[in-house]
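In mature numbering (1 follows the signal peptide of the UniProt record, and there is no 0), the protein residues as written are -19 to -1, 1 to 494.
We treat Cβ as the ideally placed atom computed from N, Cα and C, and that holds for glycine.
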Ligand code: FAD
């Protein structure tokens, strides 16, 4: 079965494929428009690749990898595994870019569906007019970087992003998709009008279930994504703070401003970094070079505000500069540390890819990534910061620590996404890479021990912190994570994937249990 969902604007269309007898037939007798790579008939490299992910800490070998070229390929596979019933342990994981951290897109002895091969029938654009804004419909396996390039040909672009664009649409929509635009437009899951989902069953709230649903309810084969006019250029600005309260007060003021806001608000913590401003100089210009020269960061914990203002070709340089000046004028950063850069919109959005290429050259990209992402309510951010930045992560040098607030009012409550219970909450991301030969602060062991301390802190004192891209080992922990949403999440699982064949790598539900 596969079905189309539309809610508000979403029209549901259920297409029934002819049921086929599968229990007594081997999957190898099926014909696919794409290709199925089995343990027996292909070299192990294909399955080995599907057993890896960006985290490089978890490796589960599948029995087969399907490269679908049509929705019916995905549907056939889901139907087949369902037909085996609960006696079989075979499960199915959709894999987008495989940039999960702990095996979430893996299926031990199961089937991995490599969604990147599902490109048919290309992207469909609606340029606006006739009611409703512009949108694009893309395959669930499409990478966001391709969505950006294709949309720009029409002068358009999606509104809400992740920091890194070489991720799949289905993968980020299964999680949330949060970046510096989320305060204004909400996460990516709230900028989707319609989904096509392959599932074993159908119901009107499947659309909401799938968004942020950790791959538990169906496989996203198409998504209709809201677009806006694409800016041409970006003023990209960084400035430092030494006082945490001043830093967060400015961030919160920026995300709360109704008009004339920046288009992107993020920030990061700087711990133990010497010569910091010198590093920035390769891509940013100091507003006051002499004062910037005198600033020394050694040994201090600093907080960097990172904001961006988009502009189009029609905007004059003067008017953009004036607007930026006005927006900056109310802020209380250390005046000598204001750095501004002007880059193309694409270079701005694709900025992490530039870092990726540099790290790849040095052999520092394919390392274990014991990342930890937390959503922290505003009321707890000071307690958290004092403990975490003040003592726990003092030694850490590798990888950024992001921190920025978002407005909960931009998050729809019906999706599966779990937010803290406060109007403003912070995304805090510890994005460390473990250096294998290191036995010091950057060793995997050390970073994991640090993460454990941060998680212990998070669950103490009723801080109300939630994990983003969550990972837990027990059902109790998942129940606690979902909190008041657990009953709905479980009900939806029973409705849409009662045998628990989907996304076993999330380890929430187990087939046959
Ligand atoms: P995968 O790892 O392939 O899959 C993730 C989960 O979704 C799995 O459970 C999988 O089974 C399921 N899934 C995949 N495709 C589908 C589908 N079509 N239908 C149903 N389920 C599916 N996240 C942010 O929010 N903001 C950021 O700024 C951000 N930056 C990042 C930067 C880097 C360098 C990396 C590596 C990750 C970043 N992430 C960020 C996290 C990222 O959004 C998630 O890891 C996401 O899952 C990656 O997408 P993917 O295509 O690799 O998904």
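Practice task
Could you check the C-alpha separation between residue 2 and residue 28 for me, to the nearest Å?
Solution key: For this step, residue 2 is matched to residue 21 along the chain shown. For this step, residue 28 is matched to residue 47 along the chain shown. Its pLDDT being 32, under 50, residue 2 is placed unreliably in this model, and the coordinates cannot settle the point.
Exercise for the section: Could you tell me the boundaries of the beta strand (DSSP E) in which residue 202 lies? Expected result: Against the chain shown, residue 202 aligns to sequence position 221. Its beta strand (DSSP E) spans residues 200 to 210.
Handout entry: From 467, 132, 448 and 449, residue whose alpha carbon lies closest to that of residue 456
Key = What you label residue 456 is simply residue 475 of the chain shown in a count that begins at 1. Nearest of 467, 132, 448 and 449 to residue 456, Cα basis: 467.
Practice task
Identify whether residue 218 lies in helix, strand or coil by the three-state DSSP scheme.
Solution key: Translated into positions along the chain shown, residue 218 becomes position 237. Residue 218 falls in the strand class under three-state DSSP.
Practice task
Using 7 Å as the cut-off, classify the Cβ of residue 85 as near or not near the heavy atoms of ligand 1, replying yes or no.
Solution key: Within the chain shown, residue 85 is the residue found at index 104, counting from 1. Residue 85 Cβ: within cutoff of ligand 1.
Handout entry: Euclidean distance between Cα positions of residue 5 and residue 201
Key = The sequence position of residue 5 within the chain shown is 24, counting from 1. The sequence position of residue 201 within the chain shown is 220, counting from 1. Legend: pLDDT at residue 5 = 38, less than 50; position of this residue unreliable, no value from coordinates given.
Practice task
Kindly indicate which residue of 241, 234 and 97 has the alpha-carbon position closest to the one of residue 203.
Solution key: Mapped onto the chain shown, residue 203 falls at position 222. Checking every option, the nearest Cα to that of residue 203 belongs to 97.
Handout entry: Whether residue 507 touches residue 34 by CB criterion (8 Å)
Key = Summary: the structure shown does not reach residue 507, with the chain confined to residues -19 through 494, and so no result is reported for it.
Handout entry: Meets three-Cβ-pair contact criterion under 8 Å: the stretch 168 to 180 and the stretch 212 to 222
Key = no
Practice task
Report the option in 100, 82, 336 and 56 whose CA atom is closest to the CA atom of residue 36.
Solution key: Start at 1 with the first residue of the chain shown, and residue 36 comes out as number 55. For the residues 100, 82, 336 and 56, the minimum Cα distance to residue 36 belongs to 82.
Handout entry: Residues near residue 401 in its chain [Cβ-Cβ closer than 6 Å; skip 5 each side]
Key = In the chain shown, residue 401 corresponds to position 420, counting from 1. So the list reads 356, 358, 445 and 447, once near-sequence residues are dropped.
Exercise for the section: With DSSP collapsed to three states, give me the class of residue 289. Expected result: Taking the first residue of the chain shown as position 1, residue 289 is located at position 308. In the structure shown, residue 289 sits in a strand (DSSP, three-state: E or B).
Exercise for the section: With a threshold of 7 Å, establish whether the CB of residue 35 neighbours any heavy atom of ligand 1. Expected result: For the purposes of this step, residue 35 is identified with residue 54 of the chain shown, where counting begins at 1. Answer for residue 35: yes, Cβ within range of ligand 1.
Practice task
Using beta-carbon positions only, say whether residue 90 and residue 44 come within less than 8 Å of one another.
Solution key: Against the chain shown, residue 90 aligns to sequence position 109. Against the chain shown, residue 44 aligns to sequence position 63. Yes, the Cβ-Cβ distance between residue 90 and residue 44 is below 8 Å.
Problem - Sub-8 Å separation of residue 373 and residue 229 beta-carbons - result: As a position in the chain shown, residue 373 is number 392, starting the count at 1. As a position in the chain shown, residue 229 is number 248, starting the count at 1. Contact: no.
Handout entry: For residue 315, the nearest candidate out of 296, 254, 231 and 307 (CA to CA)
Key = The residue labelled residue 315 in the question sits at position 334 within the chain shown. It is 231 whose Cα lies nearest to the Cα of residue 315.
Exercise for the section: Please name the residue, chosen from 333, 64 and 435, that lies closest to residue 364 on a Cα-to-Cα basis. Expected result: In the chain shown, residue 364 corresponds to position 383, counting from 1. Of 333, 64 and 435, the smallest CA-CA separation from residue 364 is found for 435.
Practice task
Could you tell me if the beta carbon of residue 478 falls within a distance shorter than 7 Å of some heavy atom in ligand 1?
Solution key: Locating residue 478 in the chain shown gives position 497, counting from the first residue. Because no heavy atom of ligand 1 lies under 7 Å away, the Cβ of residue 478 does not count as near it: no.
Exercise for the section: With a 10 Å radius around its C-beta and 16 neighbouring C-beta atoms as the bar for buried, classify residue 68 as buried or exposed. Expected result: Translated into the one-based positions of the chain shown, residue 68 becomes position 87. It is exposed - the Cβ of residue 68 has fewer than 16 other Cβ atoms within 10 Å.
Handout entry: Residue of 392, 275, 388 and 399 minimising C-alpha distance to residue 406
Key = The residue labelled residue 406 in the question sits at position 425 within the chain shown. The shortest C-alpha separation from residue 406 is found at 388.
Handout entry: Whether residue 32 touches residue 41 by CB criterion (8 Å)
Key = Numbered from 1 along the chain shown, position 51 holds the residue referred to as residue 32. Numbered from 1 along the chain shown, position 60 holds the residue referred to as residue 41. Yes; because the gap between Cβ atoms is below 8 Å, this pair is in contact.
Practice task
Could you tell me the boundaries of the alpha helix (DSSP H) in which residue 413 lies?
Solution key: Within the chain shown, numbered from 1, the residue matching residue 413 stands at position 432. Neither: residue 413 is in no alpha helix (DSSP H) and is coded neither H nor E.
Exercise for the section: Tell me, please, which residues DSSP counts as bridged to residue 448. Expected result: Counting from 1 along the chain shown, the entry for residue 448 is found at position 467. Paired residues: 355.
Problem - Option nearest residue 463 by Cα separation, candidates 485, 398 and 11 - result: Against the chain shown, residue 463 aligns to sequence position 482. Comparing Cα-Cα distances from residue 463 to each of 485, 398 and 11, the minimum goes to 398.
Handout entry: Rounded C-alpha distance that separates residue 429 from residue 351
Key = In the chain shown, counting from the first residue as 1, residue 429 sits at position 448. In the chain shown, counting from the first residue as 1, residue 351 sits at position 370. About 7 Å.
Practice task
Tell me whether residue 290 is buried or exposed, calling it buried when 16 or more other Cβ atoms sit within 10 Å of its Cβ.
Solution key: As a working mapping, residue 290 is identified with position 309 in the chain shown. With 16 or more other Cβ atoms within 10 Å, it is buried.
Problem - Cβ-Cβ distance between residue 382 and residue 250 below 8 Å - result: Mapped onto the chain shown, residue 382 falls at position 401. Mapped onto the chain shown, residue 250 falls at position 269. Yes.
Exercise for the section: Could you pull out every unbroken alpha helix (DSSP H) segment of at least 4 residues lying fully inside the stretch 278 to 357, listed in chain order? Expected result: 298 to 310, 326 to 330 and 332 to 342
Practice task
Decide if the stretch 479 to 488 is in contact with the stretch 65 to 80; the criterion is three or more beta carbon pairs, one per stretch, under 8 Å apart.
Solution key: The stretch 479 to 488, when compared against the stretch 65 to 80, does touch it at the 8 Å Cβ threshold.
Handout entry: Entirely enclosed beta strand (DSSP E) segments - the stretch 4 to 52, minimum 3 residues
Key = 16 to 19 and 45 to 48
Handout entry: Completely contained beta strand (DSSP E) runs for the stretch 145 to 198, where each covers 3 or more residues
Key = 173 to 179
Problem - For residue 283, the nearest candidate out of 151, 370, 208 and 326 (CA to CA) - result: The residue you call residue 283 lines up with position 302 of the chain shown. Among 151, 370, 208 and 326, the Cα nearest to that of residue 283 is on 370.
Exercise for the section: Could you tell me if residue 295 is buried or exposed, where buried requires 16 or more neighbouring beta carbons within 10 angstroms of its beta carbon? Expected result: For the purposes of this step, residue 295 is taken as residue 314 along the chain shown, with counting starting at 1. Per the 10 Å Cβ criterion, exposed.
Practice task
Determine the DSSP secondary structure at residue 481, reduced to helix, strand or coil.
Solution key: Residue 481 sits at position 500 when you count from the first residue of the chain shown. Under the three-state reduction of DSSP, residue 481 is assigned to coil, being neither helix nor strand.
Exercise for the section: Could you round the C-beta distance between residue 152 and residue 77 to whole angstroms and report it? I think they count as a contact, below 8 Å. Expected result: Walking along the chain shown from the start, residue 152 turns up at place 171. Walking along the chain shown from the start, residue 77 turns up at place 96. That belief holds up - the Cβ atoms of residue 152 and residue 77 are roughly 3 Å apart, short of 8 Å.
Practice task
Enumerate in chain order the residues of its own chain whose CB-to-CB distance from residue 58 is below 7 Å, with the five nearest sequence positions on each side excluded.
Solution key: Position 77 of the chain shown, counted from the start, is the residue given in the question as residue 58. Cβ within range, chain order: 47, 73, 92 and 94.
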